[in-house]
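Following our numbering, the numbering of the sequence shown begins with 1196 at its first residue and continues without gaps.
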Amino acid sequence: MQIAYMFCGELNRAKVEMRHIVFTSWSEDTRASRLRELLADRCVALTHLNPEHIDGEADTLLQSVDVLIMDATERSEASSTLAERLVSAHPHLRIVALGECSHANLCLPAGSSAEAILSAIDETLEPHPPQEGALGSLHEDSVAVLEEGSRRLDFVARLDEEVAHLSLLAEDVARDAHSPRVLAQAARPVLDAAQGHGLDEVARTLEVLISQASNTPAFRETAPSILETLRAQVRAAQLESPSTTLSSESQSRALTVVVIDEDPDYLRRVTGFADQFMIPIRTATSVAEASGKVQTPLLAGVMLTPGAGDSQKSLSESIATLQNASGLPHLPLALVSDVPGTLDRVQGLWAGASHVAPRPVSAVSFSQIARRLATLRRSLQASVLVVDPRGDFASRVAEHLGERDMAIQYLPDTRTIFEALEHHRPDLVLLSTELSEMDANDVCRSLRAVASWREIPIVLFSGRCTPETRIAAYRAGADDVIETSISPDELTVRLSVRLERARQAAERSDRDLLTGLLTRRPFLEQLAARLSEVTRRQRRLVFAILDVDHFKRVNDRHGHLVGDRVLATLGRLLQDRFRIEDLRARWGGEEFVVVLVDEGLETSALALRRVLDEFSAMVFEGDQGTSFSVSFSAGLAAFPHDGQDAETLFSVADARLLRAKQNGRCRIEVGRTRSPID
């Protein structure tokens, strides 16, 4: 049994590093085929082998393999022996075991799905920059690669998720579903990081957890109290740390997930998951009931189970109802379903769902969905970076603005301010004048000297402001100066006005007035960021160019005002469809561009086809009262197969758009065509 699956497309044009994965099992395993589907369009080769065949030529093959997935549920002793030999012969090889297996780098539960295996592969292949101190490699990328101060803040803010993950493993160990080694393997890097960040009480409790786990009968009795102590210590660390109190990911600023499902028993189960991971949750059995529960400024998003008989139209109406009720035109959304055929990635992408999952969701799956929704929600919030050595005023800011849909980030000094600006991309900087390392006015001048931050609002705060200090601050580039004794209402109003003016200025600068979509410059800036991200994480991306068919004929027959109405309608449709993380822009004239992140060509083409069908079904009225309909054509290009930079992707997509026009219009072209740079 040796089947090699190649997913790199036209390798002669690929310029990214080829990855090779081997899946071994003693018998046929459908998860290998499922992995093939999940890895489609990635630059990855998957080879499925029987462990008995790993000798001679096959053993030589492993010299070029990055990850070996080993099913250790059968012949566990033989699997362990094989893993020991492979680690010795191929030190570079990373082994992911399904079931208990010594010498494996990572052990997953024996029945892990292909999706869970893929997540482990991504985590294993993810490059981890060298870090100072014993930080380890934490579950779910808990330690951000920032300066030491920011790194500690991020670790403390996410420590509750680490504890929730360890709690699940501890429960499995207590009922003999996992060996203590699995728990120790997961807890050790968290313990090392806690020690490295000075969280001594947390580290000591983790040591107790690891040592007690080896005594399984007693561990059943002691585990609950150990974990409760650990949770209490984490809460205390989060509340004591200025970073987490003032961070958008703090306990006090935790965002709420609204879960909609017709089954009350299922909702109670999900509520238990939420309690386990300390995630605020509201439940509803219908969209109508949920409409009254999404009206909170601390909403992360919605996890919706569509009804079995819901049509595409009814799903769209349900989402629109939730968007209107929440006041969020781009509501973070996850869709789940247990009815085959009612939900797929195409429908999810078309509907704007950032996550599509099978029902029922597991505890870990729910936590991942909630985290994804919260991350997307925070990307839509106004963000304020507060630099305050003492932290007192920053705490007041967090208290007063935290409930007004604003994300508050905190820095104790300016030594890492540029890294924090790049990481958080705030909308306003609130800067103390009582800095020890640098004069606040010099910080203002430094920020104004950098093009990226030239327009960001900067507000200085001081215990006492004189006319001279205000004048000096304004000359240095500050937008406003306030005293720390300012009333909560005035503080909120002054900062809100600054943020709103900055938002309006950005809208005028970045948005096309007719369609409401991005203009070319901000689109290219955001595309560069997306390309950098998918390159680093070895993910997919699809670039699409859309062109309205026979648009000149529309203008000639019905007038330019009617033509503008057609363009505005398509712009609004593109804005309503797809996900928050996807990009849409008006490229020029009747041309539009769409970028779909972490999607393949086939899924993207089918989702665009649904949008094309919607647009083609619309009826417009000309200036003479005549009715007509319009369509568009599109050409798609995939990263990295068709190109790894914006210019190449545009060229390939444009060539395919031309082919779509030549082949009759009103179509989506994804067929291979020779790249112009070849």
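Even glycine gets a Cβ: it sits at the ideal position worked out from N, Cα and C.
C-alpha gap between residue i and residue j, whole angstroms
| i | j | result |
| --- | --- | --- |
| asparagine 1245 | alanine 1278 | 14 Å |
| alanine 1520 | leucine 1528 | 14 Å |
| leucine 1234 | isoleucine 1666 | 59 Å |
| serine 1307 | glutamine 1563 | 16 Å |
| leucine 1462 | aspartate 1533 | 15 Å |
| leucine 1801 | arginine 1693 | 42 Å |
| glutamate 1728 | leucine 1778 | 14 Å |
| alanine 1432 | isoleucine 1514 | 38 Å |
| alanine 1850 | leucine 1241 | 31 Å |
| leucine 1206 | valine 1217 | Note that leucine 1206 scores a pLDDT of 31, beneath 50, so its modelled location is shaky and nothing firm can be said. |
| serine 1274 | aspartate 1266 | 8 Å |
| isoleucine 1603 | isoleucine 1249 | 54 Å |
| phenylalanine 1414 | leucine 1364 | 12 Å |
| serine 1420 | valine 1788 | 55 Å |
| arginine 1270 | serine 1283 | 20 Å |
| valine 1368 | glutamate 1247 | 31 Å |
Beta-carbon proximity of residue i to residue j, cut-off 7 Å
| i | j | result |
| --- | --- | --- |
| glutamate 1457 | threonine 1491 | no |
| leucine 1712 | glycine 1766 | yes |
| arginine 1774 | serine 1549 | yes |
| alanine 1668 | leucine 1655 | yes |
| glutamate 1632 | cysteine 1660 | no |
| valine 1397 | alanine 1388 | no |
| arginine 1649 | arginine 1643 | yes |
| phenylalanine 1823 | leucine 1741 | no |
| proline 1683 | histidine 1595 | yes |
| isoleucine 1316 | valine 1262 | yes |
| leucine 1831 | glycine 1838 | no |
| serine 1574 | proline 1621 | no |
| leucine 1623 | proline 1652 | yes |
| phenylalanine 1834 | leucine 1709 | no |
| valine 1743 | glutamate 1785 | yes |
| glutamate 1864 | arginine 1854 | yes |
| alanine 1485 | valine 1453 | yes |
Terminal residues of the alpha helix (DSSP H) in which residue i lies
| i | result |
| --- | --- |
| phenylalanine 1472 | First-last for phenylalanine 1472: undefined, no H or E at that position. |
| aspartate 1187 | In the structure as shown, the chain begins at 1196 and stops at 1873. Residue 1187 is therefore absent and cannot be evaluated. |
| valine 1592 | 1587-1596 |
| valine 1385 | 1375-1391 |
| aspartate 1849 | 1841-1857 |
| threonine 1730 | 1715-1732 |
| aspartate 1505 | It is not in any alpha helix (DSSP H) - aspartate 1505 carries neither H nor E in the DSSP assignment. |
| glutamate 1396 | 1395-1408 |
| valine 1559 | 1558-1575 |
| leucine 1886 | The structure shown does not extend to residue 1886, since the chain is modelled only from 1196 through 1873, so no value can be given for it. |
First and last residue of the uninterrupted beta strand (DSSP E) at residue i
| i | result |
| --- | --- |
| threonine 1219 | 1214-1219 |
| threonine 1451 | 1451-1455 |
| phenylalanine 1738 | 1736-1743 |
| glutamine 1604 | 1601-1606 |
| cysteine 1296 | Counting along the chain, cysteine 1296 falls outside any beta strand (DSSP E), and DSSP gives it neither H nor E. |
| isoleucine 1264 | 1262-1266 |
For residue i, the three-state DSSP class (helix, strand or coil)
| i | result |
| --- | --- |
| histidine 1550 | strand |
| histidine 1287 | coil |
| threonine 1242 | strand |
| aspartate 1808 | helix |
| isoleucine 1666 | helix |
| lysine 1488 | coil |
| alanine 1329 | Model confidence at alanine 1329 stands at a pLDDT of 30, short of 50, so the residue's coordinates are unreliable and nothing is read from them. |
| glutamate 1629 | coil |
| leucine 1778 | strand |
| leucine 1708 | coil |
| leucine 1526 | coil |
| valine 1581 | strand |
| aspartate 1533 | coil |
| glycine 1303 | Residue identity differs from the one stated: residue 1303 is leucine in this sequence, not glycine. It is a strand residue. |
| threonine 1944 | What the structure shows of the chain is the stretch from 1196 to 1873, and residue 1944 is not part of that stretch, so it cannot be assessed. |
| serine 1275 | helix |
| isoleucine 1173 | Because residue 1173 is not part of the residues shown, which for the chain are 1196 to 1873, the question remains open. |
| threonine 1661 | coil |
Strand pairing of residue i, partner residues [DSSP]
| i | result |
| --- | --- |
| isoleucine 1863 | Ala1829 |
| isoleucine 1316 | For isoleucine 1316, which the question treats as bridged, DSSP gives no partner whatsoever. |
| glycine 1783 | Glu1786 |
| leucine 1655 | Leu1626, Val1676 |
| glycine 1496 | Val1452 |
| leucine 1791 | Val1737 |
| serine 1822 | Glu1816 |
| phenylalanine 1834 | Leu1736 |
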